[in-house]
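Participant: Remember, my numbering sits 56 above the position in the sequence shown when you count from 1.
Ideal Cβ placement from N, Cα and C applies to all residues, glycine included.
These figures come from a predicted structure and were not determined experimentally.
What follows is a single structure, and I will ask about it in a moment.
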Amino acid sequence: MLTQQMPECGKLRVLVCVSGGGTNLQAIIDAKAAGRLKNADLVRVIANKPEAYALERAKKAGIEGVCVSPKDFPDREAFHRAFLAAVEEAAPDLIVLAGFLVVLPEEMISRYRNRIINIHPSLIPSFCGTGFYGLKVHEAALERGVKITGATVHFVDEGTDTGPIIMQKAVAVKEDDTPEVLQRRVMEEAEWILLPRAIELIAAGRVKTAAGQVCIEQEKELDEI
Ligand code: GAR
């Protein structure tokens, strides 16, 4: 069994990677301000687009924001090198992909094995994998006519949305939902709750992985976090 708590003393250093509006980042910032992230500190936010509003949210919260855009590099390899350097500079214990729509370099995945988590806006293994991101996930769920959807927090491995599942929360689909309405409900009822909770559970050393499965210690006390 491997416990995902890293530092022996002090707080878990959390790096958040973002691509867009950053409402999940905001949920983490708010959880920290409300004292719900007792064992974690937000040390840096990295965006892959200079216009990502998430960078503004980081600035307002006094968190260092850095942009590493593929457009500023001649090829993917150079971008990956710069991205990895920006990650390493922050010396993170945990990397959180909060709406980060970039395929990570394999080197990073192996270097930070079981130390990268992602939030996905569906109940994996439904509506996930290549091509399923953001609003597209909700469009596909409505198209299929599911009555329940939700969100998943999982560890990141080499596949797309294939890593060990940490937490999931179900959300009801309503008859007159549009993709936008459903996206908002999944965020409000699932994503913004799950992500800070998963971070605190990892920071508190309560998340264990073995054989590709995650087990959370004392799950009955989850509501405290
Ligand atoms: C969120 O719904 C997140 O789950 C999704 O992108 C959105 C980002 O919103 N991520 C994916 O689809 C990853 N496959 P935000 O920038 O407001 O947090």
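#1: Would you kindly work out how many angstroms separate the C-alpha atoms of Q61 and H210, rounded to a whole number?
#2: So is T205 buried or exposed if we call it buried at 16+ other beta carbons inside 10 Å?
#3: I need the straight-line Cα distance from A96 to I255, nearest angstrom please.
#4: Relative to the C-alpha of V152, which candidate in V270, Q239, V212 has its C-alpha closest?
#5: Between which two residues does the beta strand (DSSP E) containing L98 stretch?
#6: Is the separation between the beta-carbon of N80 and that of W248 shorter than 8 Å?
#7: Let me make sure I understand the geometry here. Which of V237, A138, K67, M223 has the alpha-carbon closest to that of P161?
#8: I'd like to confirm the pairing. Which residues does DSSP put opposite C123 in its beta bridges?
#9: Go through its chain and collect everything with a Cβ distance to T238's Cβ below 6 Å, but skip five positions before and after it.
#10: When DSSP labels each residue in this structure, what does Q239 get in the three-state scheme?
#11: State the DSSP-derived secondary structure class of C73, mapped to helix, strand or coil.
#12: So what's T216 in DSSP terms, helix, strand or just coil?
#13: Go to K67, then tell me how far its alpha helix (DSSP H) extends in each direction, as first and last residue.
#14: Is there at least one non-hydrogen atom of the ligand GAR closer than 7 Å to the beta-carbon of I119?
#15: If the criterion is Cβ atoms closer than 8 Å, does the pair T208 and L179 meet it?
#16: Are the CB atoms of V70 and P126 within a distance shorter than 8 Å?
#17: Return the first residue and the last residue of the beta strand (DSSP E) that A266 is part of.
Facilitator: The answer reads as follows:
#1: Its pLDDT being 48, under 50, Q61 is placed unreliably in this model, and the coordinates cannot settle the point.
#2: buried
#3: 8 Å
#4: V212
#5: 96-103
#6: yes
#7: A138
#8: A103
#9: Looking at the sequence provided, one finds Leu at residue 238 rather than Thr. Excluding sequence neighbours, L238 sits near H194.
#10: helix
#11: strand
#12: coil
#13: Run containing K67: none; DSSP gives neither H nor E here.
#14: no
#15: yes
#16: no
#17: 263-266
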